[in-house]
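J.:
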Amino acid sequence: MTATDAAVRRRDDSAVLRISEDDGERLEAESNASDTSMIMNMGPQHPSTHGVLRLMLEMEGETVMRSKPVIGYLHTGMEKTAETLTYLQGPTNVTRMDYASPLFSELAFSMATEALLGLEVPPRAVWIRMLMCELNRISSHLLFQATNGMDIGAVSMMIYGWREREEALRLLETITGLRMNHNFIRPGGVAADLPDGWRDEVLTLIDALPARLNEFDTLLTGQPIYRERLQGVGVINTAECLALGVTGPILRSTGYAWDLRRDMPYLAYDQMDFDVVVGTYGDCFDRYAIRLNEIRESIRILAQILDQMPTGDYRVQDKKVTPPPRARIDESMEALIHHFKIFTEGFKVPAGEVYAAVESPRGELGCYMVSDGSAVPYRMHIRGPSFVNLQTLPHMMQGGMVADAVAIISSVDPIMGEVDR
Amino acid sequence: MNDSVLHVPRDQLTETVAGLRDEGYVSVLDVTAVDYLEHPGRTDLPPEVSPERFELVVTLISHAAPGRVRLRVQVPADDPTVATLFDLYPGTEALEREVADMFGIVFEGHPDPSRILMPPDWEGHPLRKDFSVGQIPVQFKATQ
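Going line by line, the protein sequences match chains A and B.
Just so you know, our numbering puts 407 at position 405 of the first sequence, and the rest follows in order with no gaps.
Just so you know, our numbering puts 171 at position 120 of the second sequence, and the rest follows in order with no gaps.
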C-alpha cells in the first residue's frame, strides 16, 4: 500500500465533499505545511466547465479524494417561468433546458400535456416525433464524441464530431427551421409537416454516417493512447448507479440493460427493431463505446421509420388545441376565432397531475405537471437526467488522478442548461 | 404514464419507501414539490387526506415489473419538515437539496442542507407561489 492509498483509507468513506464554497476558501487559507491535502477548483476543460460547472476537488498530491460539483450558475428559474407561459408557449421554454437534445424536453412536456388533456396524437405525428428524436439523439451523441475526444486530447476528433453533428443539425434545420431550440414538438402533434424531399435528406445522412463512424473507430476505439486514458477510469457499478438514481448510458455502461424505449415503450418504439447497447466494466471507455454504438442503433431505427412513415395529419384536428391551417383563416370566421383564442388565451387543460418520461440521450427525462384547469400549468417540473447523473462524479473520481477527472466529467456528458434549469 | 399514486402520511414516508425498495423499486427517479397556496380547488385527493400547502412528490421506478409509483406527501406550511430519504436512496441528495432550496422544505437528517441552485445567501424560496416572478433586485455578494 502506497502512502496515498493509506491516506485514502484514513478518510471517511464518503466521496462527496460536503462543504460550502466559503468554507473551502477558508480551509485553504488556514492550511499549513503539515496538511497534505488541498482544495482545488477544476476546469475549464470540458465545455460544461466553462463558467457553469464548478468542481471542488480535495486533492492529496495528484490524487482526488473527495469532490463536489457546485452548480446553479446557469439557473434561470425556468420552472418558475413555466408557470406564466401557456401550454402552447411551454415548449419554447423547456426546449432551452437540454440544449444539446432539445426535442426530448419538448416531447416530455407535450406528452404530459396530452395525458392531462386525454388527447390521442395522430400516427403520423407520433412517427415524425420519433424521427426527430432519433436525429436529435444522433446529433447529441456526435457532440459527445467531439467533446470527449477534445477532453482526452484527440483534438482532431472535435473537428470530425462537430462536422457530422452539423450535418445532423442541418437536417433538423431543414425540417424545423432552427438548428437548436426547435419548439417543433408541441401539445397535439408537431408544428409542421415534413418538408418536400425530407426522405432523401434523411437517407443521405444515414448513408453517409456509418462510414464516418467507422472512421471514429479507426481514430479512437483501437487507439492505444485513447484506451489507456479511458479503460478502467471512472468505474461505477450497477448497484451504485441504481442507488444514485442514474439512468441512460451511465447505467447501461455497467452491463445493466435498461432503456425506456424498449422497457416502457412510448411513441411507437414497441414496433421498432433495435438493440439496447450495454457495457461491461462501467468505465469511461464503455460509456464512450455505448454512445458510439447508440448512433448506429438510431440509424437502424431511422431506416425503419423511413420505410413505415404513415400518412395523415401531423397534429390533432382539435380546434381547441391546435391552430387551424393558415388557408382556413381567410375563409372561415370560426377558424379565425379559434386561431385568435389559441394564441392569445391558450387552451384550458383539465385539473390533475401527471408524470411523463422519455429516454433522452442522457437518461430518463421526465416532466411532472400539475394543472389547475387554467391555460397555464400550475406547476411544471423537469426531471433532468444530467442533474441526477452529476451525482456520480465524486464516486467515479475518488482515488483517481486529476487527469482522469477530465475524462470522467466528459464521460458523464452533462448539459448544464438541464442541470440548473 | 399509468403510474400508481400513493398518498402517504408525512411520518410514514420513510417506512413506505423502505417497503417499496424491498418490493423491487430500485431507484428514486425524482423528488419534487408543489406549493398549492393559490390552487383554486383540489379535487384529486382522497377524502381521508387533508390538504396542506405543500405537497412533496417522490417518484420511484421498478425495473423487474416495469412501472413507476408516485408518492404524494402533504407537508403543512407551519412545519415544513420531512425525513430525508438519503439513507435509503443516496441519489435523493441533490433532488432534496433542490426542493429545500426552491420551496423551503427542510429534510431532517440530510447530509448537506445547503442551497444548490440559488446563491448561499439568497433570501426566499423562488418556487413558492408567494415569491413573485416580477422584477426583483439582483442579489449578488459583490454589489453589497
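For every residue, glycine included, the Cβ atom is placed at its ideal position computed from N, Cα and C.
Note that this is a predicted model, so its numbers are computed, not measured.
Could one say the Cβ of Ser-22 of chain A lies closer than 8 Å to chain B's Cβ atoms, at least one of them?
T.: Taking the first sequence and counting its residues from 1, the one referred to as residue 22 of chain A is at position 20. So, interface residue.
J.: For a contact meaning CB atoms closer than 9 Å, what does Tyr-357 of chain A contact in chain B?
T.: Counting from one through the first sequence, the residue named residue 357 of chain A turns up at place 355. The contacting residues are Met-52, Asp-54, Leu-80, Asp-81, Val-108, Thr-110, Arg-119, Arg-121.
J.: Which parts of the segment 174-202 of chain A are runs of the alpha helix (DSSP H), unbroken and 4 residues or longer, counting only runs that do not cross its ends?
T.: none
J.: Taking the alpha carbon of Thr-2 of chain A as the reference point, which residue from A:Val-54, A:Ile-41, A:Asn-295 has its own alpha carbon closest?
T.: The structure shown does not extend to residue 2 of chain A, since chain A spans only 3 to 423, so no value can be given for it.
J.: Please compile the residues from chain A whose C-beta is within a distance smaller than 8 Å of the C-beta of Pro-177 of chain B.
T.: As a first step, residue 177 of chain B must be located in the second sequence, where it is residue number 126. Simply Gly-79, Lys-82.
J.: In chain B, what lies closer than 7 Å to His-383 of chain A by C-beta?
T.: In the first sequence, the residue the question calls residue 383 of chain A occupies position 381. Going along chain B in sequence order, the residues near His-383 of chain A (Cβ under 7 Å) are Thr-83.
J.: I'd like to know whether the C-beta of Leu-168 of chain B is nearer than 8 Å to at least one C-beta of chain A.
T.: Your numbering for residue 168 of chain B matches position 117 in the second sequence. The Cβ of Leu-168 of chain B sits closer than 8 Å to at least one Cβ of chain A.
J.: Roughly how far, in whole angstroms, is the beta-carbon of Trp-129 of chain A from the beta-carbon of Ile-307 of chain A, given that I think they are within contact range, below 8 Å?
T.: As a working mapping, residue 129 of chain A is identified with position 127 in the first sequence. As a working mapping, residue 307 of chain A is identified with position 305 in the first sequence. That pair is a contact at about 6 Å.
J.: From Asp-198 of chain A to Gly-236 of chain A, what distance separates their C-alpha atoms?
T.: Numbered from its first residue, the first sequence carries residue 198 of chain A at position 196. Numbered from its first residue, the first sequence carries residue 236 of chain A at position 234. Their backbone Cα atoms lie some 46 Å apart in a straight line.
J.: Using a beta-carbon distance below 8 Å, is Glu-420 of chain A in contact with chain B?
T.: The residue you call residue 420 of chain A lines up with position 418 of the first sequence. So no, Glu-420 of chain A is outside the interface.
J.: Would you call the segment 124-143 of chain B and the segment 93-109 of chain B in contact, with 3 or more CB pairs under 8 Å?
T.: yes
J.: Hey, quick one: how far does the alpha helix (DSSP H) through Thr-115 of chain A stretch, first residue to last?
T.: As a position in the first sequence, residue 115 of chain A is number 113, starting the count at 1. First-last of the alpha helix (DSSP H) with Thr-115 of chain A: 104-119.
J.: Between which two residues does the beta strand (DSSP E) harbouring Pro-71 of chain A extend?
T.: Here residue 71 of chain A corresponds to residue number 69 of the first sequence, with the count starting at 1. That run of the beta strand (DSSP E) goes 65-72.
J.: Compute the beta-carbon to beta-carbon distance between Gly-75 of chain B and Ala-134 of chain B, rounded to the nearest angstrom, for a pair I have assumed lies under 8 Å.
T.: Taking the first residue of the second sequence as position 1, residue 75 of chain B is located at position 24. Taking the first residue of the second sequence as position 1, residue 134 of chain B is located at position 83. About 22 Å; that fails the 8 Å criterion.
J.: Does the CB of Ala-194 of chain A have a neighbour CB from chain B at under 8 Å?
T.: Indexing the first sequence from 1 puts residue 194 of chain A at position 192. Chain B contact via Cβ: absent.
J.: Anything in the segment 120-140 of chain B with a Cβ closer than 7 Å to a Cβ of chain A? List those residues in chain order, please.
T.: Arg-121, Tyr-140
J.: Cα-Cα, which of A:Val-54, A:Asp-25, A:Ser-69 is closest to Gln-400 of chain A?
T.: Numbered from 1 along the first sequence, position 398 holds the residue referred to as residue 400 of chain A. For the residues A:Val-54, A:Asp-25, A:Ser-69, the minimum Cα distance to Gln-400 of chain A belongs to A:Ser-69.
J.: Counting along the chain, where does the beta strand (DSSP E) carrying Glu-122 of chain A start and finish?
T.: Taking the first residue of the first sequence as position 1, residue 122 of chain A is located at position 120. No beta strand (DSSP E) holds Glu-122 of chain A; DSSP gives it neither H nor E.
J.: Pull out every residue of the segment 144-172 of chain B whose Cβ sits closer than 9 Å to any Cβ of chain A, in chain order.
T.: Close to chain A, meaning a Cβ-Cβ distance shorter than 9 Å, are the following residues of the segment 144-172 of chain B: Glu-144, Ala-145, Leu-146, Glu-149, Asp-152, Met-153, Pro-162, Asp-163, Ser-165, Arg-166, Ile-167, Leu-168, Met-169, Pro-170, Pro-171.
J.: Given this structure, state the Cα-to-Cα distance separating Leu-221 of chain A from Val-408 of chain A, to the nearest angstrom.
T.: Mapped onto the first sequence, residue 221 of chain A falls at position 219. Mapped onto the first sequence, residue 408 of chain A falls at position 406. Val-408 of chain A has its alpha-carbon roughly 20 Å from the corresponding atom of Leu-221 of chain A.
J.: To test your reading of the DSSP string, which unbroken alpha helix (DSSP H) runs of 4 or more residues are found completely within the segment 320-399 of chain A?
T.: Listed in chain order, the complete alpha helix (DSSP H) runs (minimum 4 residues) inside the segment 320-399 of chain A are 328-333, 335-346, 387-391, 394-399.
J.: Would you say His-90 of chain B lies against chain A (beta-carbon separation less than 8 Å)?
T.: Here the question's residue 90 of chain B lines up with position 39 in the second sequence. Chain A contact via Cβ: present.
J.: Give me whichever residues DSSP pairs with Gly-118 of chain B in a beta bridge.
T.: Counting from one through the second sequence, the residue named residue 118 of chain B turns up at place 67. Answer by DSSP bridge pairing, in chain order: B:Ser-113.
J.: Using a C-beta to C-beta distance shorter than 8 Å, which residues of chain B count as neighbours of Gly-74 of chain A?
T.: Locating residue 74 of chain A in the first sequence gives position 72, counting from the first residue. Ordered by position in chain B, the residues that pass the 8 Å Cβ test against Gly-74 of chain A are Arg-166, Ile-167, Leu-168, Met-169, Pro-170.
J.: Compare the Cα-Cα distances from Pro-326 of chain A to each of A:Lys-343, A:Gly-314, A:Gln-310 and report the closest residue.
T.: Within the first sequence, numbered from 1, the residue matching residue 326 of chain A stands at position 324. Comparing Cα-Cα distances from Pro-326 of chain A to each of A:Lys-343, A:Gly-314, A:Gln-310, the minimum goes to A:Lys-343.
J.: Using a Cβ-Cβ cutoff of 7 Å, what residues of the segment 220-247 of chain A are near chain B? List them in chain order.
T.: Leu-244, Ala-245, Leu-246, Gly-247
J.: List the whole-angstrom C-beta distance separating Ser-103 of chain A from Ser-142 of chain A, where the pair is believed to meet the contact cut-off of C-beta under 8 Å.
T.: Within the first sequence, residue 103 of chain A is the residue found at index 101, counting from 1. Within the first sequence, residue 142 of chain A is the residue found at index 140, counting from 1. Ser-142 of chain A and Ser-103 of chain A do touch by the CB rule: their CB atoms are close to 4 Å apart, below 8 Å.
J.: Measure the C-alpha to C-alpha separation of Met-425 of chain A and Met-44 of chain A and round it to an integer number of angstroms.
T.: The structure shown does not extend to residue 425 of chain A, since chain A is modelled only from 3 through 423, so no value can be given for it.
J.: Taking only the alpha-carbon atoms, compute the straight-line gap between Val-421 of chain A and Leu-168 of chain B and give it to the nearest angstrom.
T.: Numbered from 1 along the first sequence, position 419 holds the residue referred to as residue 421 of chain A. Numbered from 1 along the second sequence, position 117 holds the residue referred to as residue 168 of chain B. If you take the alpha carbons of Val-421 of chain A and Leu-168 of chain B, they lie about 9 Å apart.
J.: Show which residues of chain B have a CB atom less than 7 Å away from the CB atom of Gln-393 of chain A.
T.: Walking along the first sequence from the start, residue 393 of chain A turns up at place 391. Result: Gly-142, Glu-144, Ala-145.
J.: Output needed for Ala-305 of chain A: all residues of its chain with C-beta closer than 7 Å, excluding positions within five of it in sequence on either side, in chain order.
T.: Translated into positions along the first sequence, residue 305 of chain A becomes position 303. Hits under 7 Å: Ile-208.
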